[in-house]
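Number of protein chains: 2
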Amino acid sequence: MISILDSNDVPKQLTIYDIAKEVGVSAATVSRAISGRGYVSEANKTKIMELVKKYNFKPNTFAQNLQAGFTKTIGYIVPHIGNMYFANVYYEFEKWASRHGYMTILLNSKGDYDLESKLLNSLQEKHVDGIVIMGGRMDEIHLPDNYVKEIQEVGKKIPMVSCGAEAERFGCSGIYTDDEKGVEELLQFLKSRGYQRILFTGGADQYYPSYIKKKAAYAIGEKLGLDISVRWLTGNDVFSYSAGYDSLKILLEEKKPLPEVICGINDYVALGVVNCALEAGLKIPGDLAVTGFDNASITTMTPVHITSISPRYEYYGKKVFNTLEKLMQAQGAVHGKTSLIKPEIIIRSSTI
Amino acid sequence: MISILDSNDVPKQLTIYDIAKEVGVSAATVSRAISGRGYVSEANKTKIMELVKKYNFKPNTFAQNLQAGFTKTIGYIVPHIGNMYFANVYYEFEKWASRHGYMTILLNSKGDYDLESKLLNSLQEKHVDGIVIMGGRMDEIHLPDNYVKEIQEVGKKIPMVSCGAEAERFGCSGIYTDDEKGVEELLQFLKSRGYQRILFTGGADQYYPSYIKKKAAYAIGEKLGLDISVRWLTGNDVFSYSAGYDSLKILLEEKKPLPEVICGINDYVALGVVNCALEAGLKIPGDLAVTGFDNASITTMTPVHITSISPRYEYYGKKVFNTLEKLMQAQGAVHGKTSLIKPEIIIRSSTI
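Chains as they are written, first to last, in full-length UniProt numbering: chain A, 1 to 352; chain B, 1 to 352.
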């Protein structure tokens with residue numbers, strides 16, 4: 001007789017193994033009895049259900065699902081959840097995941113490749129049902145073959161969605177913002193307001209999102225007859241508030257004619273431009289218009305509210321979950337399909 | 001003979017149950033053979049390890065730990081991960097958790113009590129080893145008895161750390177910022193710079209952090225001989241950028257003498273005050289000084305950088321993990337101990 005039956009208290013974390021041992025059946029039998037799926041003799045079923053009732057036992061869904069090959073757990077890797085973009089998509093994703101009975105493990109890779117590899121390994125060992133990776137190496141253009149191969153190998157074993165521009169490289173499914181469409185929407189809007197000379201700033205060519213925006217800006221700008229220039233800064237923090245601030249500061253020091261519009265590669269960069277402009281006594285949008293990407297909450301936490309391209313977080317997070325869920329349910333479903341999300345422009349007071 | 005042995009491919013998510021079935025032993029035996037803990041006959045051990053090698057099988061740590069009563073999984077509930085404060089603490093927590101082999105499930109309660117109850121229930125069903133709850137009902141002063149009782153019940157079964165001001169109520173362990181010390185640090189600093197008339201804004205009495213800051217501001221202000229006033233706004237969004245903006249706007253409309261310093265209850269509120277002041281043509285810190293709490297990244301994303309009280313995220317997150325880990329390891333450890341974290345002031349250009 002094991003100890004649980006000698007006590008009136010329910011011990012911590014009673015498992016189906018304890019019940020199985022007591023009744024003298026396998027854990028699988030207990031699982032079948034509780035779930036009501038599969039054969040269990042009436043005698044054993046009665047004994048099991050009596051214990052379940054007696055100890056007010058909550059079946060461990062991990063254990064149950066494990067026997068069915070599922071953990072109902074998803075792994076989600078981001079570089080840093082303190083980045084609003086990742087936090088907003090995660091929030092929407094998690095909402096749908098938990099509604100569908102999935103619990104999501106959120107891991108920060110800190111943009112460290114070795115750590116990301118370790119985390120991926122841990123997720124495999126935990127046998128998560130699916131994996132989402134956002135940002136970090138997903139967005140880099142030049143990657144060593146072994147990195148790409150590593151992701152491909154994981155994707156062969158576990159359903160995976162990459163929220164990066166080039167999911168196809170990794171052989172997994174991809175959901176990402178259609179940056180080309182975003183730039184098109186932005187430039188068409190700017191043209192409609194009469195703007196001509198437009199500068200993009202705050203990106204880096206080695207990351208797909210910047211690279212695609214730059215390419216699109218030149219191509220669509222030409223089509224629309226706009227005067228487009230792109231000027232990235234170099235350094236570690238090209239996507240930051242200071243990158244935007246410094247961009248305009250340098251332009252002002254050069255004393256050449258300013259563009260009519262500065263488009264920050266994201267809202268942090270745009271906010272830096274706005275604040276540098278205000279400090280320099282420039283009027284926004286009178287002397288200079290400013291736009292951003294991502295529709296972060298900071299766009300309305302400034303003296304002028306920033307026009308921005310929204311990735312539609314609610315739709316985005318839901319789409320990532322739906323895509324992953326389909327892959328998880330249809331084991332053997334074909335990976336490698338990519339869906340683009342059409343962003344939308346949110347017009348605010350930083351443009352006329 | 002089951003199908004896995006008829007194929008050269010490792011099927012998805014091969015589990016110890018598959019190996020157990022093939023060798024004709026129990027899953028527990030496979031687990032013992034792989035972990036090297038407990039008795040397994042030499043013959044069975046050889047058969048099991050041959051299969052493990054043949055299929056390059058990664059033992060499912062969930063399954064292994066389940067048998068030992070652990071899932072090596074932690075549940076972490078916040079109202080909304082898009083709030084920088086929660087995101088920053090989580091980031092630091094998760095760093096330590098994953099270093100120690102724990103995977104953390106991050107759930108958003110959206111401040112919805114029914115949802116929070118559901119999530120707590122799901123975490124119990126998953127038999128997580130520990131739970132962290134931040135914000136939401138943890139911070140509310142007036143709570144129905146059944147809420148408090150619910151948390152108490154969970155805490156009896158699963159090690160739990162509350163990052164709220166009154167963890168004792170819930171019978172769980174607490175880690176939180178010593179808001180009283182934060183206010184003391186702030187007021188001592190302001191006094192040292194010669195400020196006298198100080199206004200606190202942007203909180204609400206029904207939340208512990210605001211309530212404690214208000215009480216401390218009056219008590220410590222009196223001790224230091226300062227002229228303190230506290231003026232909360234009413235409405236849904238009292239902790240927001242707009243609350244700060246509106247606070248100053250109302251003061252300006254009243255045309256009474258302004259205070260020398262406005263202390264926002266957090267950095268969003270402080271930023272709202274800053275921007276309203278700049279729009280009104282006030283110089284910061286010349287005409288008005290502004291401070292915040294939380295040391296969010298937005299404190300340096302404004303024309304004047306905001307002096308703020310830092311909760312020391314790195315230390316905070318680590319402390320939460322360490323406290324929870326001790327509880328998880330010492331089953332039956334006494335709950336209800338609370339540790340306060342002494343915050344520190346970060347002086348920037350919004351004060352002289």
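For glycine and all other residues, C-beta sits at the position ideal for the given N, C-alpha and C.
Output needed for residue i: all residues of its chain with C-beta closer than 6 Å, excluding positions within five of it in sequence on either side, in chain order.
i, result
"GLU314/A", "GLU92"
"TYR17/B", "ALA27"
"ASP179/A", "PRO209, ILE212, LYS213"
"LYS12/A", "At LYS12/A, the pLDDT of 48 sits below 50, so the modelled position is not reliable and the matter cannot be decided from this model."
"MET134/B", "VAL78, PHE86, CYS163"
"TRP96/A", "LYS318, PHE321"
"MET84/B", "ALA296"
"SER229/B", "LEU199"
Three-state secondary structure (DSSP) at residue i?
i, result
"HIS32/A", "His is not the amino acid found at residue 32/A; the sequence shown has Arg there. Helix, per DSSP."
"GLU166/A", "coil"
"GLY75/A", "strand"
"ALA270/A", "helix"
"ASP139/B", "helix"
"MET84/A", "helix"
"ARG231/A", "strand"
"ALA296/A", "coil"
"CYS276/B", "helix"
"ILE341/B", "strand"
"residue 353/B", "This structure cannot settle anything about residue 353/B, because the visible part of chain B is limited to 1 through 352."
"VAL40/B", "coil"
"LEU288/A", "coil"
"THR302/A", "coil"
"SER308/A", "strand"
"LEU248/A", "helix"
"VAL132/B", "strand"
"ILE352/A", "coil"
"GLY194/B", "coil"
"SER117/A", "helix"
"ALA20/B", "helix"
"LEU106/B", "strand"
"TYR241/B", "helix"
Comparing C-alpha positions only, which one of the options sits nearest to residue i?
i, options, result
"PHE200/A", "TYR218/A, GLN206/A, LYS191/A, SER192/A", "TYR218/A"
"SER339/B", "LYS318/B, ILE48/B, ILE265/B", "LYS318/B"
"PRO259/B", "ASP227/B, ALA280/B, LEU51/B", "ASP227/B"
"LEU106/B", "GLY82/B, TYR113/B, ASP114/B, HIS100/B", "GLY82/B"
"GLY182/A", "LYS215/A, THR323/A, GLN206/A", "LYS215/A"
"GLU325/A", "LEU119/A, ILE131/A, HIS80/A, SER117/A", "ILE131/A"
"VAL52/B", "VAL23/B, PRO79/B, THR323/B, TRP232/B", "VAL23/B"
"THR177/B", "PHE86/B, CYS263/B, LEU119/B, ILE19/B", "PHE86/B"
"GLU42/A", "PHE57/A, VAL25/A, TYR55/A", "VAL25/A"
"LYS156/A", "GLU184/A, ILE141/A, GLN124/A", "GLN124/A"
"VAL154/B", "LEU248/B, HIS127/B, ASP205/B", "HIS127/B"
"ILE220/B", "LEU190/B, ALA20/B, LYS249/B", "LEU190/B"
To which residues of the same chain is residue i closer than 7 Å at the C-beta, ignoring the five residues directly before and after it?
i, result
"SER310/B", "ASN295, PRO343, GLU344, ILE346"
"THR299/A", "ASP267, GLY292, HIS305, ILE306, SER308, ARG348"
"PHE62/B", "Since pLDDT at PHE62/B reaches only 49, below the 50 mark, its modelled position is unreliable, and the value read off the structure follows with that caveat. These residues qualify, in order along the chain: THR71."
"VAL274/B", "ILE284, VAL290, THR302, VAL304, ILE306, SER350"
"residue 362/B", "Outside the shown range of chain B, which is 1 to 352, sits residue 362/B, and nothing can be said about it."
"LEU271/B", "TYR241, GLY244, ILE298, THR302, ILE306"
"GLU167/A", "Residue identity check: residue 167/A is Ala in the sequence provided, not Glu. Answer for ALA167/A: SER173, GLY174, THR338, listed in chain order."
"SER192/B", "none"
"ARG137/B", "TYR113, GLU116, LEU143, TYR147"
"LEU186/A", "CYS263, THR291, ILE309, ILE345"
Among the residues of its own chain, which have a CB less than 8 Å from the CB of residue i, if the five just before and after it don't count?
i, result
"ASP129/A", "PHE70, THR71, LYS72, THR73, ILE74, TYR102, ILE158, PRO159, MET328"
"LYS45/B", "ALA33"
On the CB-based measure, 16 or more other CB atoms within 10 Å of its CB, does residue i come out buried or exposed?
i, result
"SER98/B", "buried"
"GLY235/A", "exposed"
"TYR316/A", "buried"
"TYR39/A", "exposed"
"ILE48/A", "buried"
"ILE265/A", "buried"
"GLN188/B", "exposed"
"ASN121/B", "exposed"
"GLY164/A", "buried"
"HIS100/A", "exposed"
"residue 355/A", "Given a span of 1 to 352 for chain A in the structure shown, any question on residue 355/A remains unanswerable."
"ASP139/B", "buried"
Could you check whether the segment 232-245 of chain B touches the segment 168-182 of chain B, counting it as contact only if at least three pairs of C-beta atoms, one from each stretch, sit closer than 8 Å?
No, the segment 232-245 of chain B is not in contact with the segment 168-182 of chain B.
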